[in-house]
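In what follows, a structure is listed as structure tokens, so that the remarks can point back to it.
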Amino acid sequence: MFGQLHDQEVRRREALVTGIVTSQPIRCVQCGICSYSCPIGIDVRRHVREGIPVTASQCLTCGQCVARCPRGVLTLESSPIFD
Amino acid sequence: MPVTVRPQRHVIIGGGVAGLTAAQVIRRRDTRGQITIVTEERHLPYSRPGLAYLLAGDVPLSQLFPWTEAELRALQASFLRGRAMALDMAGRVVVLQDGRRLAYDALLLATGATAVLPDIPGTQLRGVATLDQLDDATRILALARRGRRAVVVGGGITAVELAEGLAARGVETHYLLRKDRYWGQVLDPEESRMVERGLERHGIRLHYHTNVVRVLGQQGRVKGVLTEKGKSMACDLVGFAIGIRPKAELAASAGLDVDRGIRTDEYLRTSAEGVYAAGDAAEVYDPATGKHLLDSLWWMAQDQGRVAGDNMSGGSSAYLRDIPFNVTRIGGLITTIVGNVGQGGRGDDDTVSIVHGQSEGWHEPHDSFAVESGDLTSRVRLLVGRETLVGAVIMGDQTLSRPLCDLVRQRVPLGRLRQQLLQSPERAVQILVEYSRRQADRQLQEVA
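Quick mapping for you: the protein sequence lines, in order, are chains A and B. For what it's worth, my numbering labels the leading residue of the first sequence as 37, then goes sequentially. For what it's worth, my numbering labels the leading residue of the second sequence as 113, then goes sequentially.
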């Protein structure tokens, strides 16, 4: 149980360090909650519309946009450069 | 002497996602052509599904406009505010309400759909609301600021959006259902209960077996509703969400083939030369089932706009109807609905047709059996067909939403998975989680 939780926490931290926000545009209805919840004002919605991951160097990978999207459009994925 | 070719004149009626997407595609293909978008909206194009989040207070109004003015200018399209009143098919002219005449070479009817009101007395009173457009949402917010008590009537996603939005604004909200559960056309009884519990948690009071027969008023304003059993309930606001109807009057008056919506073939051509239809207004032919179906889904309207725009500017794309799905929040639960999940019929106890965010494709007949798994807060229902998963409803935890959507939409043969699901339906979630992990590993290996 604790081992699982530990693994989960390790994965979460790894994602925070190495993550990029990617999207599945077909789920998106351009409501703008993602852009609205970004603490540093990245226009996440535009990234989704154009089908490109959020690669802005300022992105904190805080996961706010991922968590707040009501339609599961966004995911925090490991950046391939760390593989 | 060089021959100069006159630029093509593209006219699009409707500034929603279908119309705008068509304009974008046309502009990419035809840099010289004229594009005119006729819209009744006084706003820039906005996210229609986002209105629910505006009502609930999740997002401010200023955020609902995905396209900046600069992006819209780059389209080099003329936006005309007005209403198209008539089509002259022979002369290829659209006549606007103010008398302006727009000649076209290609015309797109992307007029959307409008909420239906029940045929009962009192629906003209101030304080009766439906949720189609941005102005409806801002009006509801204004009513909610003044009102203390609201009654919501209807079903599907929109009724719940109305109820949750009003409750979030501090209005005492009563949701009236005609039978014993919510959205029986799409959800199974347990799923209905989960939504109902979620609504109650948000302070919404549910009334079952309650049918409104009259909206009561005083001096032109709503004062309450009268139920079939003779009981009156006081309120200042009544929200109706009993269904939507494609806006097809313009097409019908011009003699186009219109049934429930504007009928098109698989190229989104209507029965008139040079005239196309897309989005909520269109009743699109599906070659796979041989039927004309209605959908009210954002991404489908976008896909149709893309195909119509391509065909209007010289292309010959067929619209291949994808398996319908939507992700929505009902009763506070994020819910994915994909494929054939519902019962037959076009309306249910609380609705007379589909509502916004719904697809008739969900109700197509299917040969499958249901496997359910879940607890009080999350639930997965799978419709297992002979070879593939034909539908799924994922409520609450959305871990399985993407893998299940992929399985259904890509018609992945289930193989051994089917046997496992049949043998141990109670382990359905674990089986699918393991499956999706294996899939993810496989994809990683392929990348490596």
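Just so you know, even glycine gets a beta-carbon here, dropped at the ideal spot from N, CA and C.
Is it buried or exposed, residue i, if we count other Cβ atoms within 10 angstroms and call 16 or more buried?
{"i": "residue 501 of chain B", "result": "buried"}
{"i": "residue 320 of chain B", "result": "exposed"}
{"i": "residue 203 of chain B", "result": "exposed"}
{"i": "residue 257 of chain B", "result": "exposed"}
{"i": "residue 75 of chain A", "result": "exposed"}
{"i": "residue 273 of chain B", "result": "buried"}
{"i": "residue 122 of chain B", "result": "buried"}
{"i": "residue 200 of chain B", "result": "exposed"}
{"i": "residue 236 of chain B", "result": "exposed"}
{"i": "residue 463 of chain B", "result": "buried"}
{"i": "residue 96 of chain A", "result": "exposed"}
{"i": "residue 553 of chain B", "result": "exposed"}
{"i": "residue 405 of chain B", "result": "buried"}
{"i": "residue 385 of chain B", "result": "exposed"}
{"i": "residue 119 of chain A", "result": "A caution first: residue 119 of chain A carries a pLDDT of 48, below 50, which makes its placement in the model too unreliable to give a value."}
{"i": "residue 359 of chain B", "result": "buried"}
{"i": "residue 504 of chain B", "result": "buried"}
{"i": "residue 557 of chain B", "result": "exposed"}
{"i": "residue 45 of chain A", "result": "exposed"}
{"i": "residue 100 of chain A", "result": "buried"}
{"i": "residue 407 of chain B", "result": "buried"}
{"i": "residue 83 of chain A", "result": "buried"}
DSSP beta-bridge partners for residue i?
{"i": "residue 397 of chain B", "result": "B:404"}
{"i": "residue 483 of chain B", "result": "B:494"}
{"i": "residue 284 of chain B", "result": "B:261"}
{"i": "residue 227 of chain B", "result": "B:356"}
{"i": "residue 507 of chain B", "result": "B:447 and B:491"}
{"i": "residue 266 of chain B", "result": "B:353"}
{"i": "residue 191 of chain B", "result": "B:149"}
{"i": "residue 177 of chain B", "result": "The partner list for residue 177 of chain B (beta bridge, DSSP) is empty, contrary to what the question assumes."}
{"i": "residue 240 of chain B", "result": "B:350"}
{"i": "residue 542 of chain B", "result": "None, per the DSSP bridge assignment."}
{"i": "residue 345 of chain B", "result": "B:337"}
{"i": "residue 215 of chain B", "result": "B:205"}
{"i": "residue 330 of chain B", "result": "B:333"}
Taking residue i as part of the beta strand (DSSP E), name the residues at either end of that continuous run.
{"i": "residue 374 of chain B", "result": "374–376"}
{"i": "residue 146 of chain B", "result": "146–151"}
{"i": "residue 96 of chain A", "result": "That residue, residue 96 of chain A, is in no beta strand (DSSP E); it is neither H nor E in DSSP."}
{"i": "residue 80 of chain A", "result": "Taken as a continuous stretch (DSSP letters only), residue 80 of chain A belongs to no beta strand (DSSP E), being part of the alpha helix (DSSP H) at 80–85."}
{"i": "residue 429 of chain B", "result": "Residue 429 of chain B -> no beta strand (DSSP E), and no H or E assigned at all."}
{"i": "residue 388 of chain B", "result": "387–389"}
{"i": "residue 125 of chain B", "result": "121–125"}
{"i": "residue 478 of chain B", "result": "Neither: residue 478 of chain B is in no beta strand (DSSP E) and is coded neither H nor E."}
What span of residues does the alpha helix (DSSP H) with residue i cover, start to end?
{"i": "residue 418 of chain B", "result": "410–424"}
{"i": "residue 166 of chain B", "result": "163–168"}
{"i": "residue 467 of chain B", "result": "Unbroken run through residue 467 of chain B: none, as it is neither H nor E."}
{"i": "residue 138 of chain B", "result": "129–141"}
{"i": "residue 304 of chain B", "result": "301–313"}
{"i": "residue 516 of chain B", "result": "513–521"}
{"i": "residue 528 of chain B", "result": "528–535"}
{"i": "residue 361 of chain B", "result": "361–365"}
{"i": "residue 73 of chain A", "result": "69–73"}
Compare the beta carbon distance of residue i and residue j with 8 Å and say whether it is the shorter of the two.
{"i": "residue 373 of chain B", "j": "residue 393 of chain B", "result": "yes"}
{"i": "residue 260 of chain B", "j": "residue 284 of chain B", "result": "yes"}
{"i": "residue 465 of chain B", "j": "residue 375 of chain B", "result": "no"}
{"i": "residue 388 of chain B", "j": "residue 430 of chain B", "result": "no"}
{"i": "residue 20 of chain A", "j": "residue 71 of chain A", "result": "Past the boundaries of the shown model lies residue 20 of chain A; chain A is included only from 37 to 119, so the question cannot be answered."}
{"i": "residue 480 of chain B", "j": "residue 436 of chain B", "result": "no"}
{"i": "residue 348 of chain B", "j": "residue 469 of chain B", "result": "no"}
{"i": "residue 253 of chain B", "j": "residue 281 of chain B", "result": "yes"}
{"i": "residue 137 of chain B", "j": "residue 418 of chain B", "result": "yes"}
{"i": "residue 163 of chain B", "j": "residue 246 of chain B", "result": "yes"}
{"i": "residue 184 of chain B", "j": "residue 147 of chain B", "result": "no"}
{"i": "residue 414 of chain B", "j": "residue 130 of chain B", "result": "yes"}
{"i": "residue 297 of chain B", "j": "residue 522 of chain B", "result": "no"}
{"i": "residue 124 of chain B", "j": "residue 223 of chain B", "result": "no"}
Less than 8 Å between the CB atoms is what I'm expecting for residue i and residue j, so what's the real figure, rounded?
{"i": "residue 93 of chain A", "j": "residue 55 of chain A", "result": "With 8 Å as the limit, residue 93 of chain A and residue 55 of chain A do not qualify as a contact, their Cβ atoms being about 13 Å apart."}
{"i": "residue 107 of chain A", "j": "residue 439 of chain B", "result": "4 Å"}
{"i": "residue 328 of chain B", "j": "residue 266 of chain B", "result": "So it is not a contact: roughly 18 Å between Cβ atoms."}
{"i": "residue 318 of chain B", "j": "residue 303 of chain B", "result": "About 15 Å; that fails the 8 Å criterion."}
{"i": "residue 119 of chain B", "j": "residue 144 of chain B", "result": "5 Å"}
{"i": "residue 197 of chain B", "j": "residue 207 of chain B", "result": "6 Å"}
{"i": "residue 66 of chain A", "j": "residue 81 of chain A", "result": "6 Å"}
{"i": "residue 159 of chain B", "j": "residue 68 of chain A", "result": "7 Å"}
Residues from the region 145–170 of chain B in contact with chain C, defined by Cβ distance under 8 Å: The structure shown contains no chain C; the protein chains it does contain are A and B.
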